[in-house]
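Residue numbers (this note's numbering): 12 to 200.
Below: one structure, written as structure tokens.
As structure tokens, this is what we get:
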């Protein structure tokens, strides 16, 4: 499927009702899953987006953002414990599906995981999957009004904030994810 011209052009093959149903379906799956990476990968396969693609986390260049005091509390930080910031665009076959801001505690990850996060475009969820992370959702924010029609591929449709913890329950990351209308794209049948 070729995207319409312009970053905010609606997806012509999708009705408003279908778009809202898809947005509700994906947001429910993300809220119910332990890994946004796994949920998005499954979604892209189901929607037949670029069959040979993988989910790619491309860094967004910008200033480092320190965690807020509230985020520090949620991450259960010790005095002097370092937090790293990683801001990425998650895409599949050229479709930017979301942006994610991660505040993670490198001391709670393995050396190899930290290296992969620093030097590759592998999504956070795939890097830390051997920690069997659990996701605790903090907030779902609907960004696209129901009466606004079908969002374009780059329009923001919803956001989720969550804490990821390892299998022992210790927080390893806080994430803020903003999903775009590109989640509605469907590949050729």
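Where a beta carbon is used, it is the ideal one built from N, C-alpha and C, also for glycine.
Note that the structure is a prediction, hence the values are computed from the model and not measured.
Taking 6 Å as the limit between beta carbons, can you name the residues of its chain near residue i, skipping five residues before and five after?
| i | result |
| --- | --- |
| residue 187 | 112 and 172 |
| residue 119 | 183 |
| residue 155 | 162 and 168 |
Can you find the residues in the same chain that come closer than 7 Å, C-beta to C-beta, to residue i, ignoring five residues on each side of it along the sequence?
| i | result |
| --- | --- |
| residue 133 | 68 and 127 |
| residue 50 | 40, 41 and 44 |
What is the rounded straight-line gap between the Cα of residue i and the Cα of residue j?
| i | j | result |
| --- | --- | --- |
| residue 15 | residue 101 | Reliability of the predicted coordinates at residue 15 is poor, the pLDDT of 36 falling under 50, and no value is obtained from them. |
| residue 147 | residue 175 | 6 Å |
| residue 91 | residue 75 | 17 Å |
| residue 177 | residue 158 | 40 Å |
| residue 65 | residue 34 | 21 Å |
| residue 93 | residue 116 | 6 Å |
| residue 162 | residue 99 | 21 Å |
| residue 123 | residue 180 | 21 Å |
| residue 109 | residue 151 | 14 Å |
| residue 46 | residue 114 | 16 Å |
Return the bridge partner residues of residue i from the DSSP annotation.
| i | result |
| --- | --- |
| residue 93 | The partner list for residue 93 (beta bridge, DSSP) is empty, contrary to what the question assumes. |
| residue 110 | 100 and 189 |
| residue 171 | 151 and 188 |
| residue 69 | 100 |
| residue 145 | 176 |
| residue 182 | 176 |
Taking DSSP as the reference, what is the three-state secondary structure of residue i?
| i | result |
| --- | --- |
| residue 176 | strand |
| residue 25 | coil |
| residue 211 | Nothing can be reported for residue 211: it is not among the residues displayed for the chain, which extend from 12 to 200. |
| residue 86 | coil |
| residue 12 | Because residue 12 carries a pLDDT of 28, less than 50, the predicted location of this residue cannot be relied on, and no value is offered for it. |
| residue 131 | coil |
| residue 40 | helix |
| residue 137 | helix |
When we look at the beta-carbon of residue i and count the other beta-carbons within 10 Å, is it buried (16 or more) or exposed?
| i | result |
| --- | --- |
| residue 143 | exposed |
| residue 32 | exposed |
| residue 191 | buried |
| residue 80 | exposed |
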